[in-house]
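Colleague: Before I ask anything, here is the structure I am working with.
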Amino acid sequence: MTREQFRQEILDNLNKNILPYWINCMVDPAGGFYGRRDGCDRLVVDSAKGAILNARILWTFSAAYLATGREIYKDMAGRAFEYIRDNFIDKEFGGVYWSLDSDGKVLDDKKQFYAIGFTIYGMSEYARATGSEEAAKIAYELFETIERYSRDHENGGYWEAMTRDWKPIGDMRLSDKDDNASKTMNTHLHILEPYTNLLRVYPKDEKVRNAVVELVHLFLDRIEDKHSGHLGLFFNDDWTRRDHEISYGHDIEASWLLLEAALETNDRELIKKTLKHTRKIAYAALEGRCYDGSMVYERHASGHYDNDKHWWVQAENVIGQVYLWRYHGVEEALDMAIQSWEYIKNNIVDKENGEWIWSRKGFDKNLTDDKAGFWKCPYHNSRMCLEVSRILG
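Note that numbering that gives the first Met the number 0 gives residue 151 to position 152 of the sequence shown, counting from 1, and the numbers run on in steps of one.
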């Protein structure tokens, strides 16, 4: 497959497979978007609506409109923007609610900084795509909220969660699968990501720029394991590591998001340092790459591998390999990315109904986990299409 064929195939997947699914199957006539379709693609009308799903929808359609100029994408982004603004933003205490019921009433009012970060990501992209001053203002206010309530000025980094009115909370986990740690790699990665995008909206703002710079250094100096190149996942307040797992998907995702952030700062020394570290992180991640181009999910502390081929890991694997080719000069990495795309195309893309399935379990399709839902969003796969197209174009 040629470079141009690769680019065209992923653009077609974005415009003819992924985004039409969300337009045709997930728009809620009562407002916003439905909360879930199950693994068999059945709509669950009364499902909760999560802040993460809605913020990622906002980012996706905003980014797609910015890249293509298609008015339908602008309309969908506007729909997501209005629903988040009117329903998820806490008008009394600030921040965003974790979830709403299907009618838009508050279901869980905790303040998870991961979700606030994604709302910044979506709002800042909507501002970039449409010029919305209101969205830019909301994004910046949420940035200030994270800095005010989540920033650990003593040990560095950010705490995970608080109550609605910014009091300590006992259960800080993003999900039942996570360790109840006060600091996690995942939340820091998805605070860095929106801060980088906010810097594009406010390129002269030193508070935003300094926060991005400090987060990149934090990853390279604290979160990355100096021996293996893998990223730690769970930490105490003082950055004592609590886990011994390896998340190949997060490693490969971080390898390019960190470089993207450093490049946006225009700090030569930071870029030089980040290039060195992210090459090592990317190669560590590729330990989870299989002969067919797919990537396994993670390795547990016991040494047991979770061999499920999750949709988001496959998408990040493609971007990470394209970055290895483009920014690190690894010539064979582009062919590796194309092979990984071939795996996705033949095993993860739902060619009949649209979108991608959650994962492959061995040779079988995973029909248990959601087709669309609280965590199954159009963000990882759409971003793969947009980012790879941008680089190849």
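Beta carbons: idealized from backbone N, C-alpha and C, even for Gly.
1) For the segment 272-282 against the segment 336-352, do three or more pairs of beta-carbon atoms, one drawn from each stretch, fall closer than 8 Å, so that the two count as touching?
2) Based on Cα-Cα distance, which residue from 300, 176, 144, 180 lies nearest to residue 163?
3) Going by DSSP in three states, residue 80 sits in which element: helix, strand or coil?
4) What is the DSSP secondary structure of residue 140, counted as helix, strand or coil?
5) Can the beta-carbon of residue 317 be found closer than 7 Å to that of residue 339?
6) Looking only at C-alpha atoms, which of 333, 191, 134, 43 sits nearest to residue 263?
7) What do you reckon, are the CB atoms on residue 375 and residue 369 nearer than 7 Å?
8) Does the structure place the segment 118-126 close enough to the segment 163-181 that three or more beta carbon pairs sit under 8 Å?
9) Residue 31 and residue 82 - do their beta-carbons sit closer together than 7 Å?
10) Return the first residue and the last residue of the beta strand (DSSP E) that residue 107 is part of.
11) I need the DSSP call for residue 254, collapsed to helix, strand or coil.
12) What span of residues does the beta strand (DSSP E) with residue 301 cover, start to end?
13) How would you write the range of the beta strand (DSSP E) that residue 359 sits in, first residue to last?
14) Please state if the CB of residue 379 and the CB of residue 314 are separated by a distance shorter than 7 Å.
15) Identify the continuous alpha helix (DSSP H) that holds residue 112 and give its terminal residues.
16) Start and end of the alpha helix (DSSP H) containing residue 278?
17) Could you work out which residue in 193, 329, 236, 111 is closest to residue 49 when comparing CA atoms only?
18) If you drop the 5 nearest sequence neighbours on each side, which residues of the same chain put their C-beta closer than 8 Å to that of residue 217?
19) Report buried or exposed for residue 309, applying the criterion of at least 16 other Cβ atoms within 10 angstroms of its Cβ.
20) Using beta-carbon positions only, say whether residue 20 and residue 354 come within less than 7 Å of one another.
21) With DSSP run on the structure shown, which of helix, strand or coil describes residue 389?
22) Comparing C-alpha positions only, which one of 44, 323, 84 sits nearest to residue 54?
23) DSSP three-state label for residue 59, please.
24) Is the beta carbon of residue 79 closer than 7 Å to that of residue 57?
25) Tell me the DSSP secondary structure of residue 329 in three-state form.
26) Between residue 242 and residue 178, which are expected to be in contact by the criterion C-beta below 8 Å, what is the C-beta distance as a whole number of angstroms?
27) With a threshold of 16 other CB atoms inside 10 Å of the CB of residue 281, please say whether the residue is buried or exposed.
28) How should residue 289 be labelled, buried or exposed, when 16 other C-beta atoms within 10 angstroms of its C-beta is the threshold for buried?
29) Give the DSSP-derived three-state secondary structure of residue 370 in the structure shown.
30) List the whole-angstrom C-beta distance separating residue 59 from residue 377, where the pair is believed to meet the contact cut-off of C-beta under 8 Å.
31) Beta-carbon within less than 7 Å of residue 244's beta-carbon, same chain only, minus the 5 sequence neighbours each way: which residues are those?
32) Using the three-state DSSP reduction, which class does residue 223 fall into: helix, strand or coil?
33) Could you tell me how far apart the beta carbons of residue 285 and residue 38 are, in whole angstroms, since I believe they sit closer than 8 Å?
34) For residue 364, which of 306, 347, 150 has the nearest alpha-carbon?
35) Per DSSP, residue 210 is paired with what?
36) For residue 196, count neighbouring Cβ atoms within 10 angstroms of its own Cβ and tell me buried if that reaches 16, exposed if not.
Modeller: To lay it out plainly:
1) no
2) 144
3) helix
4) helix
5) yes
6) 191
7) yes
8) no
9) yes
10) 105-107
11) helix
12) Taken as a continuous stretch (DSSP letters only), residue 301 belongs to no beta strand (DSSP E), as it is neither H nor E.
13) 358-360
14) yes
15) 112-129
16) 267-284
17) 111
18) 155, 156, 187
19) buried
20) yes
21) helix
22) 84
23) helix
24) yes
25) coil
26) 6 Å
27) buried
28) exposed
29) coil
30) 5 Å
31) 232, 297, 298, 299, 300
32) strand
33) No, residue 285 and residue 38 are not in contact; Cβ-Cβ is about 29 Å, not under 8 Å.
34) 347
35) DSSP, once it has assigned bridges, lists no residue as partnering residue 210.
36) buried
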